[in-house]
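If you're matching positions, the sequence shown starts at 63 in this note's numbering and goes up one per residue.
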Amino acid sequence: MSTETETREPEIAEFVTSSQAAKRLGLSMATIQKLVDNNILQAWRTFGGHRRIAMSSVLNYQNANSFEKITRPASDRLYKVVMVIESQELATRLRKEVAQWGLPVQVSFFESLTEALLELLNDKHELLVVQTTAPRKEQEKFLEILQKFINSRHTVAHTLVLSREEDLVAALNPDANPVSVQVLDKDLSPLWMSAYLAGFVAQRRG
């Protein structure tokens with residue numbers, strides 16, 4: 063259910079259009095609509111039917127997700143991303159929604175880390191995303207494998223591991239390229255993933 067309501071525009075122009083919000087956050091128009099529908103961005107419609115989004119909510123979202131204001135340069139480059147998703151239902155949703163995000167990414171999906179690493183053997187990628195609910199010992203083992211692979215092959219710039227295990231990052235070897243693997247205690251959702259990828263692309267473009 064949308065949070066938009068018919069109201070007067072505020073006297074002080076503390077608002078932006080959907081296009082301006084999308085550009086500032088580095089997100090697609092479809093993602094902006096979802097943020098409005100979920101009441102993450104506060105929006106209303108003018109009497110003329112134009113959507114306005116409160117600048118304060120845009121800034122709050124930007125700060126919460128560590129985004130920087132970006133202006134996308136004209137570029138046809140696609141950033142290659144590999145995702146290892148355990149849930150086939152979630153993988154199917156992500157496949158459908160990636161095309162709607164409007165991000166310059168080429169995403170490949172795999173069911174296992176082994177399949178993903180085979181893909182990475184000969185083709186360089188900017189990002190590897192791994193979502194796992196495996197037992198802790200198994201997660202520690204594949205983190206060790208990941209670090210060895212990254213340090214020997216150099217075919218992936220950054221790895222994001224999403225796990226509910228606490229202090230899993232402690233299993234990483236701090237002397238083995240410590241910044242190449244990021245571990246987050248975070249549930250993976252299409253909305254969160256689109257925001258993360260937007261921030262990642264913005265950072266890579268610098």
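Positions of the beta carbon are idealized from the N, C-alpha and C atoms, including for glycine.
No Cβ-Cβ contact shorter than 8 Å links residue 159 with residue 172. Here the stretch 221–228 makes contact with the stretch 182–194; the two share three or more CB pairs at distances below 8 Å.
Counting along the chain, no alpha helix (DSSP H) covers residue 113; the unbroken beta strand (DSSP E) around it starts and ends at 113–116. For residue 170, the secondary structure class from DSSP, reduced to helix, strand or coil, is strand.
In this structure, DSSP gives residue 83 a helical state, which the three-state scheme calls helix.
Between the stretch 109–122 and the stretch 136–153 there are fewer than three C-beta pairs closer than 8 Å, too few to call the two in contact. With a beta-carbon spacing of about 6 Å, residue 259 and residue 165 fall inside the 8 Å limit used to define contacts. If you look at residue 212, you'll find it in the alpha helix (DSSP H) that goes 198–215. Distance check between residue 267 and each of 106, 141, 90 places 141 closest, using alpha-carbon atoms only.
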